Every structure is written in C-alpha cells, then in structure tokens.
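Novice:
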Amino acid sequence: MVVERKIAAEEGKTRHDYGRDAFIDKIWQWKAESGGTITRQMRRLGNSVDWERERFTMDEGLSNAVKEVFVRLYKEDLIYRGKRLVNWDPKLRTAISDLEVENRESKGSMWHIRYPLADGAKTADGKDYLVVATTRPETVLGDTGVAVNPEDPRYKDLIGKFVILPLVNRRIPIVGDEHADMEKGTGCVKITPAHDFNDYEVGKRHALPMINILTFDGDIRETAEVFDTKGEESDVYSSEIPAEFQKLERFAARKAIVAAVDALGLLEEIKPHDLTVPLRRPWRRSYRTDADRPVVRPCRRAGETGGGSG
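The sequence shown: position 287 = 287 (the UniProt record's numbering), numbered continuously.
1) Can the beta-carbon of L130 be found closer than 9 Å to that of L167?
2) For V236, which residues of its own chain have a beta-carbon under 8 Å away from its beta-carbon, when the five flanking residues on both sides are left out?
3) Can you give the Cα-Cα distance for L267 and V277, rounded to whole angstroms?
4) State the beta-bridge partners of Y129 as determined by DSSP.
5) To the nearest angstrom, how far is the alpha carbon of I211 from that of F245?
6) Short check: CB of L141 to CB of K127, under 9 Å?
7) To the nearest angstrom, how far is the alpha carbon of A224 from that of E240?
8) Just the Cα atoms here: how many angstroms apart are D89 and T14?
9) For K5 and S34, I'd like the C-alpha separation in whole angstroms.
10) Can you give me the start and stop residues for the alpha helix (DSSP H) that W28 sits inside?
11) In the DSSP assignment, find the alpha helix (DSSP H) that holds N198 and state where it starts and stops.
12) Which word fits I38, buried or exposed, when buried means at least 16 other C-beta atoms lie within 10 angstroms of its C-beta?
13) Could you round the C-beta distance between I191 and D143 to whole angstroms and report it? I think they count as a contact, below 8 Å.
14) For R170 versus S63, is the C-beta spacing smaller than 9 Å?
15) If you measure between the beta carbons of G145 and I174, is that distance less than 9 Å?
16) Considering only their Cβ atoms, is the gap separating T123 from H195 smaller than 9 Å?
17) Secondary structure at A9, three-state DSSP: helix, strand or coil?
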C-alpha cells in the first residue's frame, strides 16, 4: 500500500500500470531505500544485534517458511479460507488496514425511506411501515435486516416480524439490538452486513445473511453474492439485482435508487447531514491473514475443549 501511494503521488500510476513483476521490483527498490534508512537509525540508537541475521518479510526463506506453515495447517484441518469485511479501495483494487483509512468531514444527506411491514403488522402508532434513515441508499440492495432497540416502546413488539425491502421485495427480519439508538434518527437501522462494519457485527449476533452488491471497482454487480454468517455461499435470498441498477457506478446507483424509491412513494424526506467519510469501501473478500478469520474454527475448538493458550 505504501508503494502504491508512492508511485501514485510521484508518477500518477497504479500497480496495474506496471504489472506484477515490475511492481514487485518497485517494492524491492523501496525496501532497499527505506530499509537502509531504518537500519542506520537503529545502529545510531545503539541497538546491539547480529546484523548478519537481518531478515525482511519477503525474503525467500521467510516466504517459503510461511507457505510451508499454511500448507501444513490446511492439511491438518486447522485453518480454512473464510469471508470477512475488509477496507477496500476500489481505485487501487486492494484491501487496506484500518491505519491506512483516512477520514474526512463532509456535508452530505440523510435519506429517510419507508420499509413496508409484512403480514399486516402495525407500529404502536398504527403505521404499516418503518422509516429507516441512511446516508448510503445504494446499499439498500444489500439489506438483510432492520434493527430496533429492544427497549424502544415504539417498535419492541415488532421484533421477530418482517419488512418488505423496497425495490427487490426481499422479506427481511426485524431484530432487537442495542446498536439501534432510540434517540438517534428514527430509531430503526437498516442492516447491511456486507457493506458496513457495525452492521457486520449486528449480522453476526443475529445470524443475518450477507449480500455483496459491489464489484472490485465499486460498481453494482449484475448478480449479488449471498453468504451465510460463516461466509459460505447461500441461497437463502435471491441473488437477482434489478436490471436498471446493474453495472452502475455506486454514486450513479445512489441517484437511481433514490429516484426509484421516490417513484414508489417510499421516500419520506431528505435532510442535510454532516458526515465523517472514510476513504475506503467496506467489502467482503476472501482473506488469509492473522487479522482475519483463518483460525476461528480451531480457536473455537480449543475453547470448547479447554485447550489452547488464549
């Protein structure tokens, strides 16, 4: 990521402009420059180490050792390749760490959308719909639940019932979760586990499926990817996405979806809203790093049997 940003700033290029081999050469060039600086600084600080044993993460010996460890763990059924939300940069087409996410203040909007209640259900004040407020209406296509606070007298009797998701007519549950703040917005929160970190956690707590609606480039997919809470492909919901939204760039999709919701009479209001915008896009991706989920299963087994060291 550091090298990608460096060549973008200095040369106006991406790693795709170079190709794999040439980009790796750039990484080694950067390593030689920055690694030398780090070593000189450590020497000046008086670090007393055996400098002949210096190693770099991508050294051939270390790389081969890492591969060997993962192969052995896989063969012993101690790891598996799962799904987890990551910070995704649609321009660089790569995952980035939390430390590399830049947050900026921005003026935006909050869209209030009506979600019709299913099976003739009514709110405490007699309405046949819930109103959810969102700053990203394009993610409506990936909703798999609506959360309300279990202590909220307006909605607590609706927990366990369902709403019909606008545009795709998906039947999704109403769940009780403290993530929904009674004093904030409408008190109803749309849950899109595949495209929001908080929603991802809510989804895990309530076993909500995850629906990825975005491509690597941040455009709307032609067909959605549907996963269960373990990251396995699922047919619990249809993967169909309305044709008029397919392949749209995400901000173009936002406009189109808002217009479509409005045409259905389900757009209640739009309010100005101050945003803290993270310059990345939460997105589900297969990953195999110690920060993700490859060792969830063996850790769970150890916990169940009393084994493991934590």
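Each residue gets a CB set at the ideal place from its N, CA and C atoms; glycine is no exception.
Nothing here was measured: the structure is a model prediction, and the numbers come from that model.
Specialist: Quick answer:
1) Residue mapping note: residue 130 aligns to position 130 of the sequence shown, counting from 1. Residue mapping note: residue 167 aligns to position 167 of the sequence shown, counting from 1. Contact: no.
2) In the sequence shown, counting from the first residue as 1, residue 236 sits at position 236. If we look at V236 and ignore the five residues flanking it on each side, its Cβ neighbours are P209, V226, D228.
3) Position 267 of the sequence shown, counted from the first residue, corresponds to residue 267. Position 277 of the sequence shown, counted from the first residue, corresponds to residue 277. Answer to the nearest angstrom: the Cα atoms are 23 Å apart.
4) Here residue 129 refers to the residue found at position 129 of the sequence shown. Looking at the DSSP assignment, Y129 forms a beta bridge with P116.
5) Counting from one through the sequence shown, the residue named residue 211 turns up at place 211. Counting from one through the sequence shown, the residue named residue 245 turns up at place 245. Cα-Cα distance, rounded: 15 Å.
6) Taking the first residue of the sequence shown as position 1, residue 141 is located at position 141. Taking the first residue of the sequence shown as position 1, residue 127 is located at position 127. Not a contact, by the Cβ cut-off of 9 Å.
7) Position 224 of the sequence shown, counted from the first residue, corresponds to residue 224. Position 240 of the sequence shown, counted from the first residue, corresponds to residue 240. Roughly 6 Å separates the two Cα atoms.
8) The residue labelled residue 89 in the question sits at position 89 within the sequence shown. The residue labelled residue 14 in the question sits at position 14 within the sequence shown. Cα to Cα, the separation comes out at about 12 Å.
9) Residue 5 sits at position 5 when you count from the first residue of the sequence shown. Residue 34 sits at position 34 when you count from the first residue of the sequence shown. Inspection of the sequence shows that residue 5 is occupied by Arg rather than by Lys. Here the alpha carbon of R5 sits roughly 15 Å from the alpha carbon of S34.
10) Stepping through the sequence shown from its first residue, residue 28 is reached at position 28. Residue range 20-44 is occupied by the alpha helix (DSSP H) that includes W28.
11) By 1-based counting over the sequence shown, the position of residue 198 is 198. That run of the alpha helix (DSSP H) goes 197-206.
12) Taking the sequence shown and counting its residues from 1, the one referred to as residue 38 is at position 38. When all chains shown are included, I38 counts as exposed.
13) By 1-based counting over the sequence shown, the position of residue 191 is 191. By 1-based counting over the sequence shown, the position of residue 143 is 143. That pair is a contact at about 6 Å.
14) On the sequence shown, residue 170 is found 170 positions in, with the first residue counted as 1. On the sequence shown, residue 63 is found 63 positions in, with the first residue counted as 1. It is not a contact, given that the beta carbons lie outside the stated cut-off.
15) Against the sequence shown, residue 145 aligns to sequence position 145. Against the sequence shown, residue 174 aligns to sequence position 174. Their beta carbons are under 9 Å apart, which means G145 touches I174 by this criterion.
16) To locate residue 195, count along the sequence shown from 1; it is residue 195. To locate residue 123, count along the sequence shown from 1; it is residue 123. No; because the gap between Cβ atoms is not below 9 Å, this pair is not in contact.
17) The sequence position of residue 9 within the sequence shown is 9, counting from 1. If DSSP states are grouped into helix, strand and coil, A9 belongs with the helices.
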